[in-house]
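Below: one structure, written as structure tokens.
The following block contains the structure:
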């Protein structure tokens, strides 16, 4: 503060008055000290507010709601790892026990023959040689390593392990099809050389898309990613007989079998919206999910595997009503619905779909 001859703003005293450089008010000596005390109180209040805000800031950084989600994910991941480990141990022990059963039986048979022959004193060089050869054969079988491998699931963020026979892949023929969208009936645009289909109508309409490939024998799987889906999910995936292409295409046709939204399945013109009877719940499917559509021509059925839920659904196809060959049939309903056909994954990833997933079957 600086000396001045003006009057104090508080008591109008002109003796020893000073001007505050901050508020530019004039105070006498007594009220200058009071004013300074008020400023000190205000500074204390600001410091308390600062400390409170700092504590709140530090607490908020530690209490972000995503931390809780991460904790839940961690617990669930650890649980999954423990379950996978226990399952792998159990499966391995089962395989070991199963492989040892024939050897154990042979051991028992030889032991019984040895005891009975010794008690009856009924044996010669021929029996001795035969038993010795049997023991040599058993020894070679005991030292033979068990044909199992430890497999990591590459598609899992947490690479879970499981036990499987080394030759499992050879026993499961799989043909992964690089299909494409080819024919459009309605307001749908195709992009990326037929790998991407998008609903372009401004209204809620049934817009159909057909796959390019014709499937008449074997087992063929198409990978489909839901790039965009309305809420609730209302996209149809299924098969249609190639004989119906020149006729009116509809999910209600006798030539069509597949899965739609509203938990509905369609089989040769019959709609079933009861998930308790067929196990299919369309509400679990959403944007960014990956589906595996499989045409099993030899078994006369189609399959839909949902990667997120790890569930496989099966619908039988009556080839009298929907003769081979079949084609992929997709129906988009909501504006901006968009589906992409993905490139094939590695072969052993497909085996997981056939052997490890839970199955919901509708005949």
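In my numbering, the protein residues as written are 43 to 405.
Note that CB positions come from ideal geometry on N, CA and C, so glycine has one too.
The structure presented is a predicted model; accordingly, all values stated were derived computationally and were not measured.
Beta-carbon proximity list for residue i, same chain, < 7 Å, skipping 5 on both sides
i	result
residue 366	258 and 339
residue 317	305 and 323
residue 286	295 and 297
residue 362	none
residue 51	67, 68 and 69
residue 488	The structure shown does not extend to residue 488, since the chain is modelled only from 43 through 405, so no value can be given for it.
residue 73	50, 52 and 53
Spatially closest choice to residue i from the options, by CA coordinates
i	options	result
residue 337	349, 348 and 359	359
residue 376	83, 240 and 55	240
residue 184	146, 272, 155 and 156	146
residue 276	254, 301 and 267	301
residue 225	247, 255 and 246	255
residue 371	262, 53 and 279	279
residue 253	310, 260, 245 and 265	265
residue 383	160, 269 and 65	269
residue 222	385, 57, 55 and 54	385
residue 71	165, 59 and 65	59
residue 289	77, 364 and 319	364
residue 309	329, 94 and 345	345
residue 330	341, 369, 271 and 281	271
Distance, residue j Cα to residue i Cα
i	j	result
residue 395	residue 347	Because the pLDDT at residue 395 is just 46, under 50, the model does not fix this residue reliably, and the value given afterwards should be weighed accordingly. Looking at the two C-alpha atoms, the distance is approximately 7 Å.
residue 62	residue 91	25 Å
residue 42	residue 117	Because residue 42 is not part of the residues shown, which for the chain are 43 to 405, the question remains open.
residue 101	residue 108	14 Å
residue 115	residue 124	14 Å
residue 208	residue 293	Because the pLDDT of residue 208 is 49, which lies under 50, any placement of that residue in the model is unreliable, and the number read from its coordinates should be weighed accordingly. Roughly 42 Å between the two C-alpha positions.
residue 141	residue 379	52 Å
residue 97	residue 325	43 Å
residue 128	residue 192	13 Å
residue 212	residue 260	Because residue 212 carries a pLDDT of 38, less than 50, the predicted location of this residue cannot be relied on, and the following value inherits that uncertainty. Taking the straight line joining both Cα atoms gives about 15 Å.
residue 181	residue 352	43 Å
residue 65	residue 75	14 Å
residue 232	residue 332	19 Å
residue 307	residue 327	14 Å
residue 356	residue 113	36 Å
residue 159	residue 135	35 Å
Cβ separation of residue i and residue j, assumed to be a contact under 8 Å, to the nearest whole Å
i	j	result
residue 80	residue 68	Going by Cβ atoms, the distance from residue 80 to residue 68 rounds to 15 Å, so no, they are not a contact pair.
residue 315	residue 274	Between residue 274 and residue 315 the Cβ distance is about 13 Å, and since that is not below 8 Å, they are no contact.
residue 152	residue 176	6 Å
residue 9	residue 334	What the structure shows of the chain is the stretch from 43 to 405, and residue 9 is not part of that stretch, so it cannot be assessed.
Which residues DSSP lists as bridging residue i, in chain order
i	result
residue 270	380
residue 344	337 and 357
residue 371	252 and 280
residue 237	Beta-bridge pairing links residue 237 to no other residue.
residue 332	267
residue 179	Paired residues: none, contrary to the question.
residue 301	279 and 307
residue 257	368
6 Å Cβ shell around residue i - same chain, five flanking residues per side excluded
i	result
residue 249	228, 229, 230, 241 and 374
residue 247	none
Chain-order list of residues whose beta-carbon lies under 8 Å from that of residue i (same chain, five-residue window excluded)
i	result
residue 245	377
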